[in-house]
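Numbering (our numbering), first residue to last: 45 to 159. The C-beta atom is built at its ideal place from N, Cα and C for all residues, glycine as well. Scroll down for the structure; my scribbles are underneath it.
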């Protein structure tokens, strides 16, 4: 599952997921993310700069819920946002990557969860 509204990354994630043989669902609200997380996706990708949600609160809420706390969370952000990266890790993101590294390693990341 991916929580974002950026068209570039939506297309990139969708294409990579198809190549990896993984189903992908895109959501654009915290409520939808929390509800869809109950289906136990292997990974939730969160754009930590998505203005339509409180990304850190979403991470905290996912990790606080017994049903969803074991789901791997991957957040991505601008490479200059060191403080946000630290806050996301403290909130419970399993992995936080700069956009460039996320783009470059997306296929490998998805293949890890496809196996």
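Would you tell me roughly how many angstroms separate the C-alpha atoms of residue i and residue j, rounded to the nearest one?
i: residue 100; j: residue 141; result: 15 Å
i: residue 109; j: residue 149; result: 29 Å
i: residue 82; j: residue 70; result: 15 Å
i: residue 63; j: residue 158; result: 10 Å
i: residue 79; j: residue 92; result: 19 Å
i: residue 54; j: residue 138; result: 21 Å
Pick helix, strand or coil for residue i, following the three-state DSSP scheme.
i: residue 124; result: coil
i: residue 99; result: helix
i: residue 111; result: coil
Answer yes or no: do residue i and residue j have a C-beta to C-beta separation smaller than 8 Å?
i: residue 74; j: residue 50; result: no
Below 8 Å CB to CB, which residues in the same chain sit around residue i once its five sequence neighbours on both sides are set aside?
i: residue 60; result: 150, 151 and 154
In terms of alpha-carbon separation, which member of the options lies closest to residue i?
i: residue 56; options: 48, 88 and 147; result: 147
i: residue 88; options: 47, 76, 63 and 145; result: 47
i: residue 136; options: 63, 113 and 86; result: 113
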